[in-house]
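Asks: Take a look at this one; I'll ask things after.
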Amino acid sequence: MIRRAALACLVLAGCSETQAGDDAAAVTPLDAAAIEAGVIVDPEIMDLAGSFADTGGTGSDAFCARGNRQGGYTVGVLVTFGGSSQCEAQGSASLAGEQARISLDRSAKGNAVRGCSFTAHFDGTGLALPGSLPPGCLAVCSDRASLAGASFALVEPGDRAAGSARGRSLDRLCAG
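One rule links them: number in the working numbering = place in the sequence shown (from 1) + 257.
Here it is in structure tokens:
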């Protein structure tokens, strides 16, 4: 009986549409239909360039990206906590599917930052930073502030919109 159950599991596993290690690149038939219908964005043609705002409704948090998938992006981020606590920085990013690899390398004060690289999730309309970030990211934040778990909604796509994103200490988050 146990042998039959094990054999049945092996047969069913062999019927899956993807092979181990290929899940990240696979598009399921349901996803393909949703992409074709315009319900979701094709992860292979998404573009991070644009101006983003916080999804919490305070209106003061911002993220911006200028550039393209092939050449990479210049990015800026501002996350506020009241009138005086904030995280603000600039850096670069690359986009592969729904994964945005972000490296912040300069604080709003112009200081070089090391060790603040992480992968955020981008679905074509929203960007979500991970809930846990490397210790190096503390260098871009004032006391009691953090980038961890911040999320942003795309307000306007494109480099022009990104160029108009404002910071607190940085006049333009994505100047250039």
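Note that beta-carbon positions come from the ideal geometry of N, C-alpha and C, so glycine has one too.
Do residue 397 and residue 308 count as a contact pair if the criterion is CB distance below 8 angstroms?
Replies: Contact flag unset, no.
Asks: Cβ of residue 424 within 8 angstroms of Cβ of residue 357?
Replies: Contact: no.
Asks: Report back the beta-carbon spacing between residue 389 and residue 369 to the nearest angstrom; my notes put them in contact at under 8 angstroms.
Replies: Actually they do not touch by this definition, with Cβ atoms about 23 angstroms apart.
Asks: If you draw a straight line from the alpha carbon of residue 407 to that of residue 392, how long is it in whole angstroms?
Replies: Roughly 16 angstroms between the two C-alpha positions.
Asks: With burial defined as no fewer than 16 other Cβ atoms inside 10 Å of the residue's Cβ, what is the status of residue 347: buried or exposed?
Replies: So residue 347 counts as buried.
Asks: Taking the DSSP output, what are the residues bridged to residue 332?
Replies: Its beta-bridge partners are 322, 348.
Asks: Give the DSSP bridge partners of residue 311, in chain order.
Replies: In DSSP, residue 311 forms a bridge with 409.
Asks: Could you give the distance in angstroms between the alpha-carbon of residue 313 and the alpha-carbon of residue 331?
Replies: C-alpha separation (whole angstroms): 24 angstroms.
Asks: Whole beta strand (DSSP E) runs in the stretch 350-422 with 3 or more residues, listed along the chain?
Replies: Fully enclosed beta strand (DSSP E) runs of 3 or longer: 356-364, 374-379, 383-385, 408-414.
Asks: Whole-angstrom Cβ separation of residue 305 and residue 322, contact assumed at under 8 angstroms?
Replies: Indeed, because the Cβ distance is near 4 angstroms, the residues count as touching under 8 angstroms.
Asks: Taking the alpha-carbon positions, what's the residue 301 to residue 350 distance?
Replies: Cα to Cα, residue 301 sits roughly 16 angstroms from residue 350.
Asks: By how many angstroms is the C-alpha of residue 353 removed from the C-alpha of residue 326?
Replies: C-alpha separation (whole angstroms): 8 angstroms.
Asks: What are the start and end residues of the alpha helix (DSSP H) that includes residue 290?
Replies: Start and end: 286-294.
Asks: What is the rounded straight-line gap between the Cα of residue 362 and the Cα of residue 290?
Replies: Their backbone Cα atoms lie some 40 angstroms apart in a straight line.
Asks: Classify residue 327 as helix, strand or coil using the three-state DSSP reduction.
Replies: In this structure, residue 327 counts as coil in the three-state DSSP scheme.
Asks: By alpha-carbon positions, which one of 430, 299, 386 ends up nearest to residue 410?
Replies: It is 386 whose Cα lies nearest to the Cα of residue 410.
Asks: Determine the DSSP secondary structure at residue 342, reduced to helix, strand or coil.
Replies: Residue 342 falls in the strand class under three-state DSSP.
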